[in-house]
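J.: Can you keep this structure in mind? I'll have questions shortly.
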Amino acid sequence: MRVALFITCYNDTLFPQTGKAVVKVLERLGHEVEFPAGQTCCGQMHWNTGYQAEALPLVGRFVSQFEHAEAVVIPSSSCVAMMRDHYPIMAERIVREGGDASLPARVAALLPRVWEFSEFLTKKLCLTDVGASYPHKVAYHASCHGLRSLGLGDGPEALLRGVKGLELVAIERKEQCCGFGGTFAIKNADVSTAMLEEKVQTVLATGAEECTGCDNSCLMHIGGALHKLHAGTRTRHIAEILAAEEKGAL
């Protein structure tokens, strides 16, 4: 299958290793990966903070960059949720404001081919074993967008259980938000910090070497607190774990 990678502006800027890991996993599985060079942002940051007029052009840009792809894979639950929840509404607004009348139909045709990374592996390809090896004790954090908006369910954990040598340990109250929420962490810093403290304590209680998830935004939030505590527990995107192989493996 020919797969297009939407890296997201967040990963491209701060966590480029995640995008490289996605490519490694997909190519290992025999897929051809392309990277449309004109991609930018999905518009979530603008839309959620009230800059909706500025977000609208990004819908058409995303569609023009990816509408010919057989599948679009995105290592970010929040960006996929943004597209599924808001792009149809945004496209209709663009038409009402005199924009491209074809956009709603093009959005509707593209969205079924847009997948969060772990979702693509488990629901599109029906895989749980992607040939990874990672001999570490790992805890999984279920981000709100993946859990509530996309309904990822047990998919990411099934992938982790399929990794050779990996010991998956459960986080208590895993459905509880880490407190990041994009600008929520800035506008409601005290509440966000209190939520983060609770999440970090549940992560540390697992004794895990690493905490993983499908969103680097949450992992950055959690990882910052762990670093501040000198806990020794690291955070790593699930794609990077699934990309790992035994030393000497081809």
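Numbering (the working numbering) for the sequence shown: 952 to 1201. Yeah, the Cβ is synthetic: ideal placement off N, Cα and C, and Gly gets one too. Predicted, not measured: the structure shown is a model, and the values here were computed from it.
#1: Going by the beta-carbon positions, is the gap between V1120 and T1157 smaller than 7 angstroms?
#2: Taking 6 angstroms as the limit between beta carbons, can you name the residues of its chain near H1188, skipping five residues before and five after?
#3: Looking only at its own chain, which residues have a Cβ that is under 6 angstroms from the Cβ of A1006, when we skip the five neighbours before and after it?
#4: Measuring CB to CB, does V1023 end up less than 7 angstroms from F957?
#5: Mind checking G1049: buried by the 16 CB within 10 Å criterion, or exposed?
#6: Counting beta carbon pairs with one atom in the segment 1065-1080 and one in the segment 1029-1037, are three or more of them shorter than 8 angstroms?
#7: Quick check on DSSP: helix, strand or coil for L1119?
#8: Take the Cβ of E1108 as the centre, count every other Cβ of all protein chains shown within 10 Å, and call the residue buried at 16 or more, exposed below.
#9: What does H1188 pair with, by DSSP beta-bridge criteria?
#10: Contact check, H1092 vs I1173 under 8 angstroms by CB: the rounded distance?
#11: Note down, in chain order, each residue of its chain lying with its Cβ closer than 7 angstroms to the Cβ of M1146, except the 5 sequence neighbours on either side.
#12: Would you list the residues sitting across from K1088 in a DSSP beta bridge?
#13: Between K1125 and V1046, what straight-line distance do the alpha-carbon atoms span, to the nearest angstrom?
#14: Do A955 and A1194 count as a contact pair if the criterion is CB distance below 7 angstroms?
#15: Would a check of beta-carbon distances place A1004 closer than 7 angstroms to chain B?
T.: The short version:
#1: yes
#2: T969, N1167
#3: G994, H997, W998
#4: yes
#5: exposed
#6: yes
#7: strand
#8: buried
#9: G1164
#10: 7 angstroms
#11: C1128, C1129, G1130
#12: E1118
#13: 41 angstroms
#14: no
#15: Going by chain labels, chain B is absent from the structure shown, which holds only one protein chain.
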